[in-house]
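Everything on this sheet refers to the single structure shown next.
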Amino acid sequence: MAEKKCEECKAGAPEWMVTFSDMTTLLLTFFVLLLSMASLDQRKIKEALGSLQGALGVLEAGRKSEMGKEEILSKMDFVDKVKKSQEQMLSGLKNYIEQANLSSQISVVKTDKGISVRIMDSVLFAPGSAEILPSAIPILEKLAAVMRDTPYNILVEGHTDDIPISTPKYPSNWELSTARAVAVVKFLISRGVKPEKLSAAGYAQYHPLVPNITPENRAKNRRVEINFVSPELAESHKNIFEENEGGGF
88 MAEKKCEECK AGAPEWMVTF SDMTTLLLTF FVLLLSMASL DQRKIKEALG SLQGALGVLE
148 AGRKSEMGKE EILSKMDFVD KVKKSQEQML SGLKNYIEQA NLSSQISVVK TDKGISVRIM
208 DSVLFAPGSA EILPSAIPIL EKLAAVMRDT PYNILVEGHT DDIPISTPKY PSNWELSTAR
268 AVAVVKFLIS RGVKPEKLSA AGYAQYHPLV PNITPENRAK NRRVEINFVS PELAESHKNI
328 FEENEGGGF
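Residue numbering for the sequence shown follows this note's numbering, starting at 88 and increasing by one per position.
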């Protein structure tokens with residue numbers, strides 16, 4: 088039996104397509120390589136930028152640190168100047184009081200407010216009065232001369248003992264102590280002290296130096312205090328007040 092002839096094999100793809108496929112594969116490989124190299128370069132660039140930013144960050148922090156040191160040194164210098172100014176004022180006032188033989192009636196002390204000049208009421212006023220005595224004028228004029236040149240703010244306080252007062256003009260110790268403080272402030276203004284530096288307050292009998300148990304102690308508690316308050320402390324008190332006011336107090 089004769090064998091069947093097989094059908095003719097179909098012709099394969101043209102030879103040029105093999106070459107084209109190889110070239111396409113090579114191009115794809117080339118582009119993948121380029122892409123990976125580009126990614127690597129971007130990473131390197133990012134790393135380099137990160138290092139640069141880090142270096143600049145350290146430099147900036149260093150600058151801030153230097154600025155912080157300068158600010159601290161500046162504040163320390165200010166504190167030193169304030170202390171020296173206080174010592175000079177303290178020494179000058181004490182010398183004047185000693186020379187005027189007023190040590191038993193006027194004292195100069197350091198307090199949490201700054202420097203305080205404590206004057207017994209008998210030096211400045213008659214009993215139950217807020218009118219300044221003529222004999223007190225030279226004393227207050229001397230203090231005014233110091234205040235005109237001082238950078239400090241000045242708080243004048245009036246204080247009484249615990250014995251009640253009840254007159255048409257001064258119904259209580261509150262009115263008397265406040266009127267005395269205001270009288271001193273007005274006198275200082277008349278002698279050239281800037282009004283914006285001054286303030287007055289009356290505390291009646293509620294801030295005694297010593298217990299009101301003897302006539303001598305009561306005499307010590309009846310006084311006017313002139314406080315030299317540093318501008319920074321006054322500003323901090325002002326800021327606290329403004330914060331409380333803003334908070335609805």
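Glycine residues also receive a C-beta, built at the ideal position from the N, C-alpha and C atoms.
Tell me the DSSP bridge mates of residue i?
i: G289; result: G245
i: V204; result: V195 and I313
i: N188; result: Paired residues: none, contrary to the question.
i: I219; result: F212
i: N240; result: V316
Apply the 10 Å Cβ neighbour rule to residue i and answer buried if 16 or more other Cβ atoms are within range, or exposed otherwise.
i: R235; result: exposed
i: S253; result: exposed
i: L230; result: buried
i: Y293; result: exposed
i: L211; result: buried
i: L220; result: exposed
i: S222; result: exposed
i: S194; result: buried
i: V272; result: buried
Could you pull out every residue in the same chain whose Cβ sits closer than 6 Å to the Cβ of residue i, ignoring the five residues on either side in sequence?
i: E312; result: S203, R205 and E244
i: S286; result: L242
i: K284; result: N240 and I241
i: K200; result: N314 and V316
i: T112; result: none
i: A187; result: none
Cutting at 7 Å between CB atoms, please list the residues of its own chain near residue i, excluding the five before and the five after it.
i: T106; result: none
i: S264; result: G245, H246, T247, G289, Y290 and A291
i: E174; result: none
Note down the Cα distance separating residue i from residue j, rounded to an integer number of angstroms.
i: P282; j: R305; result: 31 Å
i: G215; j: N308; result: 14 Å
i: I276; j: V269; result: 11 Å
i: E218; j: I300; result: 27 Å
i: E185; j: S259; result: 35 Å
i: F314; j: D249; result: Looking at the sequence itself, residue 314 is Asn, so the reference to Phe does not match. Rounded to the nearest angstrom, the two C-alpha atoms are 22 Å apart.
i: R278; j: P302; result: 34 Å
i: E228; j: P295; result: 27 Å
i: A266; j: P225; result: 20 Å
i: A213; j: Y257; result: 14 Å
i: L189; j: F274; result: 20 Å
i: L180; j: M207; result: 16 Å
i: P255; j: E262; result: 11 Å
For the alpha helix (DSSP H) containing residue i, name the first residue and the last one.
i: V272; result: N260 to S277
i: S209; result: D208 to L211
i: L227; result: I224 to D236
i: N299; result: No alpha helix (DSSP H) holds N299; DSSP gives it neither H nor E.
What first and last residue would you give for the beta strand (DSSP E) that runs through residue i?
i: K197; result: I193 to K197
Is any heavy atom in the ligand FAD found nearer than 7 Å to the beta carbon of residue i?
i: V196; result: Because no ligand of any kind appears in the structure shown, any question about the ligand FAD cannot be addressed here.
Does residue i come within less than 8 Å of chain C when only Cβ atoms are used?
i: I202; result: Reference to chain C is not applicable here, since this structure consists of a single protein chain.
For residue i, which residues of its own chain have a beta-carbon under 8 Å away from its beta-carbon, when the five flanking residues on both sides are left out?
i: S209; result: Q192, A306 and R309
i: L177; result: V195, K197 and I202
i: P298; result: N304
i: P251; result: S259 and N260
i: V280; result: A231, M234, R235 and I241
i: N182; result: none
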